[in-house]
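A short write-up of the structure that comes next.
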Amino acid sequence: MSKYRLGEFHAFEGGGRQYLYLVPSAGIFELDSPSLAVLRRLEQGEASRADLAAIADEDVIDELHQAHAIITDGFAAPPLQNPSADFPLQTMVMNLTNQCNLSCQYCYEFGEDKVATPEGKPKFMDFDTARASVDYLFTSSAGRRAIHITFFGGETLMNFPLLKQVVDYASTKAAEQARSIDFSLTTNATLLTPAIIDYLSEKSIGVTVSMDGSKESHDKFRVFANGRGSYDIIEPRVRALLKNHKTRPITARVTMTSQAMDVLGTYKHLKHDLGFHEVGFAPVTTSPNRLYSINERGLDSVLDQFRALAAEYLDHALRGEHHGFSNVSDTLAELHQGVSKSHPCGAGLGLVGVGPSGDIAPCHRFVDSDTHTLGHVSTGLDRAKQNDFLSRGHIHSKIDCSTCWARPVCAGGCHHEAYVRYGDTGHPNLHYCDWIRGWTDTCLEIYGSIAARNPGFLQHFAERKAA
Amino acid sequence: MKHLRAVNQKARRIEDYLAANDDVVGLQAPAGQRPHVPMGCSLVFSPGWEVDSAGGTAGLCQPVERDLYDCYITCFWPAQVPDHLNNYPDWTAKCAAATKDWRNIDLVFP
Numbered sequence: 010m011s012k013y014r015l016g017e018f019h020a021f022e023g024g025g026r027q028y029l030y031l032v033p034s035a036g037i038f039e040l041d042s043p044s045l046a047v048l049r050r051l052e053q054g055e056a057s058r059a060d061l062a063a064i065a066d067e068d069v070i071d072e073l074h075q076a077h078a079i080i081t082d083g084f085a086a087p088p089l090q091n092p093s094a095d096f097p098l099q100t101m102v103m104n105l106t107n108q109c110n111l112s113c114q115y116c117y118e119f120g121e122d123k124v125a126t127p128e129g130k131p132k133f134m135d136f137d138t139a140r141a142s143v144d145y146l147f148t149s150s151a152g153r154r155a156i157h158i159t160f161f162g163g164e165t166l167m168n169f170p171l172l173k174q175v176v177d178y179a180s181t182k183a184a185e186q187a188r189s190i191d192f193s194l195t196t197n198a199t200l201l202t203p204a205i206i207d208y209l210s211e212k213s214i215g216v217t218v219s220m221d222g223s224k225e226s227h228d229k230f231r232v233f234a235n236g237r238g239s240y241d242i243i244e245p246r247v248r249a250l251l252k253n254h255k256t257r258p259i260t261a262r263v264t265m266t267s268q269a270m271d272v273l274g275t276y277k278h279l280k281h282d283l284g285f286h287e288v289g290f291a292p293v294t295t296s297p298n299r300l301y302s303i304n305e306r307g308l309d310s311v312l313d314q315f316r317a318l319a320a321e322y323l324d325h326a327l328r329g330e331h332h333g334f335s336n337v338s339d340t341l342a343e344l345h346q347g348v349s350k351s352h353p354c355g356a357g358l359g360l361v362g363v364g365p366s367g368d369i370a371p372c373h374r375f376v377d378s379d380t381h382t383l384g385h386v387s388t389g390l391d392r393a394k395q396n397d398f399l400s401r402g403h404i405h406s407k408i409d410c411s412t413c414w415a416r417p418v419c420a421g422g423c424h425h426e427a428y429v430r431y432g433d434t435g436h437p438n439l440h441y442c443d444w445i446r447g448w449t450d451t452c453l454e455i456y457g458s459i460a461a462r463n464p465g466f467l468q469h470f471a472e473r474k475a476a
Numbered sequence: 036m037k038h039l040r041a042v043n044q045k046a047r048r049i050e051d052y053l054a055a056n057d058d059v060v061g062l063q064a065p066a067g068q069r070p071h072v073p074m075g076c077s078l079v080f081s082p083g084w085e086v087d088s089a090g091g092t093a094g095l096c097q098p099v100e101r102d103l104y105d106c107y108i109t110c111f112w113p114a115q116v117p118d119h120l121n122n123y124p125d126w127t128a129k130c131a132a133a134t135k136d137w138r139n140i141d142l143v144f145p
């Protein structure tokens, strides 16, 4: 009889209980003391069934074995299924314009690391292209009841008239087909007017504001072409938005740089001083030599602050209260649903980005880039290009990831970040592996604590969109 | 499961899957749709070498060990593993009746 040994998992503790996060299935199981004893024994080395039977009942061994927490010779985890070739679209990100009234130095669309090649292409999307895009979304999402359009830019609101046309056209079309469609947009908030805010609220359009925190942090990079900061312009507009748009939660999206890493202060300002419903943070995407790039030590500091804020989140969750740190909510949703990703995100699969010219890109970050075009809304996706993009991005082609326990949630990380860093969308983002594992571990502990002490709260995450 | 408590949604799916797959039944129909007729493979319990629709052995309605078992003694196959003459004389010692006891046969890796 072959020997038993440990399978692949990440063990963690939360709320005084012991859990396993199984890899690659992403199942989370709580252990009792006999099963824990078996695992402790196998940490010392392989053992026969008789050895294990001496410390635990046979059914303990069988259960651990069936769940692949312990394995025998010849075990090979079944490979993740590939998404089907005709995987239906769910979300389209429409770049209504590639023009922007700000000149943020770190911008991935205009900054030093840009991938876009907008020369000779339309600067603003016209209605014909928008209509063709919507038609493409409807035909390519066959079988889905609910679909989604995100408006993006450039600065989205620089083409607000088209946004309204698209909302009307797509809503009518959805009603005809008895399907539901919802809309959201990302904006820098400089062009918000009372009329626009009323419209967004009336149409239940979700709004994400790109905002980097207090005036001091925000104005470091989010500036007009003349270098003047945009905080003073947007602050009253954001307050008006938060006061008058009540139909959807409003989110702030913070880009962290080496010069703006005060997570706690930024959260406090955006959540409590201004009143955003949720605040999400992401480190800037950049090649490593930029001055504003966050180095390893900086990432450690960010992780420490994330953990401090996450502890606050846990206190809220145990009292059954909402907390607005969306990085935790997003990760908890993925952990609760047990996602095990073949690809880091839906780019080029359930989601595409469309540029003002109608070119289809894997996502909004690749829009207007000749290198990454996957097709055109009038002719659809070039399946060969799509396959190439998806097969390079597949977790099985990322050898470095094959031994990492965090791969079910990470899957190698953002395609665009990988391209900027390594020149290949399929390259694993090795510069933040420790960060991802540290953060996932923190969120697992929070998950375990909530599961132990306020399990009803986890229902919030059953339906939350997981990447 | 008694010792592992499923906590997240995926763990509950694993638990359901294991509960539903306690026994190996060829091309098991979804619960509630019975009777069913196994299709797509041999009806006898002594198939030859076969692969499933995906070209592997994971989806066979009988485990691949059964195929090997068929070669073990009865079939002329000079290079089979396990072989009963030299290296694995006791491979089927715990398998008196293949239709009942095939679970006792381990895979071997030369």
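If you're matching them up, the sequences are chains F and H in order.
Residue numbering for the first sequence follows the working numbering, beginning at 10 and increasing consecutively.
Residue numbering for the second sequence follows the working numbering, beginning at 36 and increasing consecutively.
Glycine is no exception: its CB is placed at the ideal position from the N, C-alpha and C atoms.
- If one requires a minimum length of 4 residues, the alpha helix (DSSP H) runs lying completely within the region 362-410 of chain F are 392-402, in chain order.
- For F:Pro92, there are no neighbours in chain H by C-beta distance under 7 Å, as the nearest C-beta there is about 16 Å away.
- Counting C-beta pairs closer than 8 Å gives three or more between the region 443-461 of chain F and the region 302-319 of chain F, which meets the contact rule.
- Contact between F:Ser189 and F:Ala155 holds: CB atoms are separated by about 5 Å, below the 8 Å threshold.
- Secondary structure at F:Gln27: strand, using DSSP grouped into helix, strand and coil.
- Look at H:Leu39 here: in three-state DSSP terms it is strand.
- Around the beta carbon of F:Lys350, 16 or more other beta carbons sit within 10 angstroms, so the residue counts as buried.
- Against chain F, the CB of H:Asn139 has no partner CB under 7 Å away; the residue lies outside that interface.
- Taking all protein chains shown into account, F:Ser34 has 16 or more neighbouring C-beta atoms within 10 Å of its C-beta and is therefore buried.
- CA-CA distance, F:Arg248 to F:Asp271, rounds to 22 Å.
- Residues of chain H whose Cβ lies closer than 7 Å to the Cβ of F:Tyr322 do not exist, since the nearest Cβ in that chain is about 18 Å away.
- With fewer than 16 neighbouring CB atoms inside 10 Å of its own CB, H:Lys37 falls in the exposed class.
- In the DSSP annotation of this structure, the continuous segment of the beta strand (DSSP E) that includes F:Ser189 starts and ends at 189-196.
- Looking at the DSSP output, F:Gly215 bridges to F:Ser193.
- Scanning its chain for C-beta atoms nearer than 7 Å, with the 5 sequence neighbours on each side dropped, one finds around F:Lys132 the residues Thr106, Asn107, Gln108, Pro365, in chain order.
- The DSSP-derived three-state label of F:Leu89 is coil.
- Going by beta carbons, F:Ala420 and F:Ile408 fall outside the 7 Å limit.
- Unbroken beta strand (DSSP E) runs of no fewer than 3 residues, entirely contained in the region 27-96 of chain F, are found at 37-40, following chain order.
- F:Gln314 and F:Leu273 have their C-alpha atoms roughly 6 Å apart.
- Within chain H, Leu39, Arg40, Ala41, Val42, Ala46 have C-beta atoms less than 7 Å from the C-beta of F:Phe38, given in sequence order.
- Residue-level contact by beta carbon fails for H:Leu120 and chain F, as no gap is shorter than 7 Å.
- With contacts defined as CB atoms closer than 7 Å, F:Phe230 and F:Tyr117 fail to qualify as a contacting pair.
- Listed along chain H, the residues sitting closer than 8 Å to F:Tyr28 by beta-carbon distance are Val42.
- The secondary-structure analysis by DSSP pairs F:Asn104 across a beta bridge with F:Phe161.
- Note that the C-beta distance between F:Ala183 and F:Arg246 is not below 7 Å.
- For the pair F:Tyr240 and F:His254, the CB atoms are not nearer than the 7 Å cut-off.
- Within the same chain, and ignoring the five residues on either side of F:Phe161 in sequence, the residues whose Cβ sits closer than 6 Å to its Cβ are Val102, Asn104, Thr195, His373.
- As for any alpha helix (DSSP H) of minimum length 4 sitting wholly inside the region 217-281 of chain F, the runs are 224-230, 240-253, 272-276, ordered along the chain.
- Contact between F:Tyr13 and F:Arg58 holds: CB atoms are separated by about 7 Å, below the 8 Å threshold.
- The Cβ atoms of F:Ser387 and F:Ala141 sit closer than 7 Å to each other.
- Taking a C-beta distance under 7 Å as the contact criterion, F:Phe21 and F:Tyr28 qualify as a contact pair.
- F:Pro292 sits in a strand when the DSSP states are folded into three classes.
- Boundaries of the alpha helix (DSSP H) around F:Gly307: 305-327.
- Excluding the 5 residues flanking it on each side, F:Asp368 has same chain C-beta neighbours closer than 6 Å at Thr382, His385, in chain order.
- Cβ neighbours of F:Asn463 within its own chain (closer than 7 Å, five residues either side excluded): Ala326, Leu327, Gly329.
- Within chain H, Asn43 have C-beta atoms less than 8 Å from the C-beta of F:Leu344, given in sequence order.
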